[in-house]
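Undergrad: With the UniProt record's numbering applied, the sequence shown corresponds to residues 1 to 410, in that order.
We treat Cβ as the ideally placed atom computed from N, Cα and C, and that holds for glycine.
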Amino acid sequence: MGLVGSVSEEMSNSSENQVESLPQSIEEKHQELGVSHVPIVSSFNERIRPLLDAVDKLRHLQIVRKINDKLNASISELNRMPKTLSSVGEALTTFMGIVGSAKESLNKIIVRGEYDEYLEDKNMHCTARLVEMLNQYSGELHNCSENDLTGNFLMDEIQVLEEAKGIELPNFLPRTTFLSILQKKVEKVSHIPVAFVDKVWTYIEDVVISVLMHHSENYHQLQLSTRRAGHSLIARMKEHSRNWVTEIVQMEKLTDYTSNPEYMNDWNKLMAQQHDFTRDVLENGYGSTFKIEGLGVVPIAGLRGYEQHVLLQAFDLKMRMTAYWKIVLRRMVDFMALHLQFCARNLVNKEMEEEIVQELVGRHDGAIERMLEESPAVAAKREKLNVSIKLLRESNNVLANIMDKIASNV
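(1) Using a Cβ-Cβ cutoff of less than 7 Å, which residues in the same chain neighbour Q273 once the five nearest sequence positions on both sides are dropped?
(2) Determine the direct distance from the alpha carbon of M213 to that of Q223, and round the result to whole angstroms.
(3) Taking the continuous beta strand (DSSP E) assigned at F290, which residues delimit it?
(4) From the DSSP output, in three-state form, read off P170 for me.
(5) So which of I402, K185, E307, V348 has the shortest CA-CA distance to G100?
(6) Within the continuous beta strand (DSSP E) that includes G296, where are the two ends?
(7) What does the alpha-carbon distance come out to for the pair S180 and M133?
(8) With 7 Å set as the bound, which would you pick, yes or no: does the beta-carbon of R65 sit closer than that to a beta-carbon of chain C?
(9) Apart from the five residues just before and just after V160, which ones in its own chain have a Cβ nearer than 7 Å to its Cβ?
(10) Using the C-alpha atoms, what's the distance from N135 back to P376?
(11) In terms of residue numbering, what span does the alpha helix (DSSP H) encompassing K238 cover?
(12) Taking buried to mean at least 16 other C-beta atoms within 10 Å of its own C-beta, is P261 buried or exposed?
(13) So, helix, strand or coil for Y137, using DSSP?
(14) Short of 7 Å in beta carbon distance, which residues of its chain neighbour S145, apart from the five on each side in sequence? Order them along the chain.
(15) Between the Cα of R382 and the Cα atoms of I67, N72, P82, N68, which residue gives the shortest distance?
(16) Might you give, ordered along the chain, the residues of its own chain that have their beta carbon closer than 8 Å to the beta carbon of L392, omitting 5 neighbours on each side?
(17) Closest to T339 by CA distance: which of K405, F290, L130, E359 is it?
(18) Looking at the structure shown, is Y118 part of a helix, part of a strand, or coil, going by DSSP?
(19) I'd like to know whether the C-beta atoms of E353 and S225 end up nearer to each other than 7 Å.
(20) Taking the alpha helix (DSSP H) that Y203 belongs to, which residues open and close that run?
(21) By DSSP, does K165 sit in helix, in strand, or in coil?
(22) Assuming L173 and L317 are in contact, meaning their beta carbons sit under 8 Å apart, how far apart are those beta carbons, in whole angstroms?
(23) For K185, which of H142, E205, W201, T202 has the nearest alpha-carbon?
(24) Could you check which residue in M237, G302, A314, A164 has the C-alpha nearest to that of I158?
(25) Does DSSP put T176 in a helix, a strand or coil?
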């Protein structure tokens, strides 16, 4: 047991009347260990001094490392801050650099489908989100009530044929009957593409404004004008798409045409079942349904009161519309995809830069000149970083001197 331990044990076993003999006990134990000529504290300090010096050195090294880390971080942050602009030429160069950087980011996000700048923000994975919206749009078109081909079977067609009667041969199918049904069907789904372009451009607007604000964050003088230019541009693009959709809808209403051979193939397959269908309706008085391949099971009980030529014409009209309607819906989806791709590329590569430059330079309201005036927040941050860097460097020098003294005493 060491000196301090032995003394502690004796102290714990002593009673109050032995306190006075404590110095004598310490001296005796000291002599037993053969260190009668060395003070107790001095002997202890000499033994642990190297350890204490090593601990001090390690602690100082850790402090130096922390100071260096903070110093490097402050210097990096200061270097990332916008440089102080001294002329209109520098301001204009910086402004064009901001526009160019934003344009490249939007090209990556909207056109090329690259999202390395926004790995964690899925809302900025633009091409993937646009495909999702396009698929939802297609699903909404195909799932609307106008695609119910079996309910109330042939009743609309018979009604249209009745209203289209004229003083003419009875076995001709007037083209106006087909157009009449087509126009009603197109009109009932016309709100879907209009709502879709509004939704898409609202999403693109959020992406564009977010990117523009990110690239101009160091120049608050620019942000108001840049945001205004972005909103103005998207509003114009949205209006253009609405007008385009309106034209597409009107074209589908006015003309029943396709060069797609699927139309004739599908119509022929459906018409091949006309004879069996008519026979079941007119001759089978007990059946209430009939299965049409490619269409499904349709009710026929309510059709038995109509003449054969009416049923034949109504069936023909229905099958023509069934085959053609698939092509109409496909065109609405395909044309929409092509339109959006074209408009998105045009927005990024042409319209955006022109709009922002016109907003900031063409208005002559001093937006570029205001870039020469550093905002109070940026100036305060720059001053704070400079003070912090100065203090950290001074602290580094002080610690270096302490480390040198420790090294010289080892």
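TA: On the basis of the data shown:
(1) I292, E293
(2) 6 Å
(3) 289-292
(4) coil
(5) V348
(6) 296-299
(7) 31 Å
(8) Among the chains in the structure shown there is no chain C, since it carries only a single protein chain.
(9) T177, S180, I181
(10) 48 Å
(11) 220-254
(12) exposed
(13) helix
(14) none
(15) P82
(16) I67, K70, L71, S74
(17) In the sequence under discussion, the amino acid at residue 339 is His, which differs from the Thr named in the question. The residue with the shortest Cα to Cα distance from H339 is L130.
(18) helix
(19) no
(20) 191-215
(21) coil
(22) 7 Å
(23) H142
(24) A314
(25) helix
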